[in-house]
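S.K.: Handing you a structure now.
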Amino acid sequence: MSLVELIAQADERGLAASGLACLDRCVPLLGGDDEVLRPLWANLAVGGEPAAWGELLEQVRAKLGVAEIVDDEDVEDEAALLARRMLAAAPAVRSAAEARIWADACSVASLQIHRLLDPAEDDASAAGALPEAIGSARAAGAAPVEGRTAGMSPLVAAELRRQIGVLEILAGHGAGGLRRALEVSTEGRRVLRAVVSRRARGRG
Numbered sequence: 266m267s268l269v270e271l272i273a274q275a276d277e278r279g280l281a282a283s284g285l286a287c288l289d290r291c292v293p294l295l296g297g298d299d300e301v302l303r304p305l306w307a308n309l310a311v312g313g314e315p316a317a318w319g320e321l322l323e324q325v326r327a328k329l330g331v332a333e334i335v336d337d338e339d340v341e342d343e344a345a346l347l348a349r350r351m352l353a354a355a356p357a358v359r360s361a362a363e364a365r366i367w368a369d370a371c372s373v374a375s376l377q378i379h380r381l382l383d384p385a386e387d388d389a390s391a392a393g394a395l396p397e398a399i400g401s402a403r404a405a406g407a408a409p410v411e412g413r414t415a416g417m418s419p420l421v422a423a424e425l426r427r428q429i430g431v432l433e434i435l436a437g438h439g440a441g442g443l444r445r446a447l448e449v450s451t452e453g454r455r456v457l458r459a460v461v462s463r464r465a466r467g468r469g
């Protein structure tokens with residue numbers, strides 16, 4: 266199935282985990298450590314209390330100081346702004362309806378973040394065509410993703426594959442797939458952290 270179809274058919278846990286995984290991979294832009302979102306991951310596991318999600322979310326926001334910085338004029342870095350908005354938009358209640366909206370928005374935002382950070386996107390004309398390519402690839406079937414990412418940079422194509430992979434794991438294994446989904450997300454976070462570090466050195 267396509268990424269769009271996977272999101273449409275995912276259950277509440279899968280949707281929350283999909284959005285959380287996108288956010289997790291973008292944690293380097295929020296100045297957080299690798300463990301900052303672990304309480305939210307734990308909340309999605311068997312035995313996690315859905316009613317505690319909102320409180321845990323507020324604790325994460327407080328640690329990262331996100332609430333105060335979500336407007337265009339507040340941040341020069343567009344990628345960091347998108348990451349902050351992802352966290353700011355997270356639903357306070359774990360419901361399928363709200364989680365589906367969040368998961369879909371996080372999918373688009375994370376792909377855009379990877380586009381902005383990819384050194385291969387220095388060509389303005391290529392960058393301008395990319396949003397259309399992203400939309401096409403999100404709607405394409407899972408199997409031909411490689412063929413539908415011809416207009417994308419490697420960083421964006423890899424993020425698309427991770428998003429599809431996380432949703433497929435959760436669709437197939439439910440709560441039992443959370444560990445593997447987290448491993449996929451952790452791999453992506455390490456890649457993005459390295460990219461952010463290189464970019465910081467280049468600016469310095």
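Position in the sequence shown counted from 1, then plus 265, gives you our numbering.
Heads up, the beta-carbon is just placed ideally off N, CA and C, and yes, glycines get one too.
Computed from a predicted structure; not experimentally measured.
1. Grouping DSSP H, G and I as helix and E and B as strand, with all else coil, what is D342?
2. Restricting to Cα atoms, I'd like to know which of P293, P419 and C287 is closest to P384.
3. Taking the continuous alpha helix (DSSP H) assigned at E448, which residues delimit it?
4. Which residue marks the beginning of the alpha helix (DSSP H) containing P304, and which one marks its end?
5. Starting from C287, trace the alpha helix (DSSP H) both ways and give me its first and last residue.
6. Taking A422 as the reference, give the member of A327, R403 and C371 with the closest Cα.
7. I'd like to know whether the C-beta atoms of L305 and L432 end up nearer to each other than 9 Å.
M.R.: In short, the structure shows the following:
1. D342 falls in the coil class under three-state DSSP.
2. Cα-wise, what sits closest to P384 is P419.
3. According to the DSSP assignment, E448 belongs to the alpha helix (DSSP H) that extends over L443 to R468.
4. Following the DSSP letters along the chain, one finds P304 inside the alpha helix (DSSP H) bounded by residues R303 to L309.
5. That run of the alpha helix (DSSP H) goes E277 to R290.
6. Among A327, R403 and C371, the Cα nearest to that of A422 is on R403.
7. Not a contact, by the Cβ cut-off of 9 Å.
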